[in-house]
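In what follows, a single structure is set out as structure tokens and then discussed.
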Amino acid sequence: MKCQQCDKLATFHITELTGGKPQELHLCEDHARQYLTRSDDETAAATTLAGVLAHQMAVGQTAEELARLDQRVCPVCGITFYEFRNQGRLGCPHDYLAFSAELEPLIINIHGETEHSGKRPARYAGGTDSRTQLIRLRREMKAAVSEERYEQAKELKDKIKMVEAAPLE
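Residue numbers (my numbering): 289 to 457.
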């Protein structure tokens with residue numbers, strides 16, 4: 289989606305309630321910064337989402353920092369933080385550790401807590417290690433095939449079959 293002010297890619301999507309009606313804005317980083325910092329009443333802006341985003345951007349959330357953050361990769365499943373931001377889904381349970389500094393404020397904002405306190409499905413109570421191992425093995429097999437290391441890919445395929453055949457703990 290393009291910025292409503294120019295032809296750049298819109299990276300900020302802001303929805304504000306004005307007069308009880310939602311107003312959507314799709315802006316590039318430059319125009320978002322201009323929109324968020326131009327406020328007649330600083331105290332009123334601080335209570336809106338746009339005001340919070342402006343404060344966050346003023347604190348130092350620069351494009352370089354965001355680009356560097358987007359390049360971070362989970363060592364187990366290989367998902368980048370950029371993919372998480374676009375899809376809204378993590379790749380494996382280890383992503384919570386790989387991106388903990390970035391996810392913790394988000395989780396606190398959404399849930400109010402960082403520890404799970406509800407029910408868990410009985411059949412998936414354990415077994416996260418085997419699922420994580422499957423994700424890692426499949427990623428390694430895909431890389432081996434793309435690099436034409438077919439013998440290693442076959443060994444990885446055999447390991448995947450063994451892990452899948454093993455009962456969940």
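Backbone N, C-alpha and C define an ideal beta-carbon position, used for all residues, glycine too. Since the model is a prediction, treat every value here as computed from it, not as a measurement.
At the C-beta level, Glu-312 and Phe-300 stay beyond 8 Å of one another. By the criterion of a C-beta distance shorter than 8 Å, Arg-356 is surrounded by no residue of its chain, once the five residues flanking it on both sides are discounted.
Taking Ala-441 as the centre and dropping the five residues before and after it, the same chain places the C-beta of Met-429, Ala-432 and Val-433 closer than 7 Å to its C-beta, in chain order. Taking 8 Å as the cut-off, the beta carbon of Cys-362 is found no closer than this to the beta carbon of Gly-376. Per DSSP, the unbroken beta strand (DSSP E) holding Ile-302 starts and ends at 300-306. Lys-309: member of the beta strand (DSSP E) spanning 309-315, first to last residue.
Looking at the backbone, the Cα of Leu-444 and that of Thr-402 are separated by about 35 Å. Around Leu-391, the same chain offers Tyr-384 as residues with beta carbons nearer than 7 Å, after the five sequence neighbours per side are excluded. Short of 8 Å from the beta carbon of Leu-422, and not among the five residues preceding or following it, lie these beta carbons of its own chain, in chain order: Ile-448, Val-451 and Glu-452.
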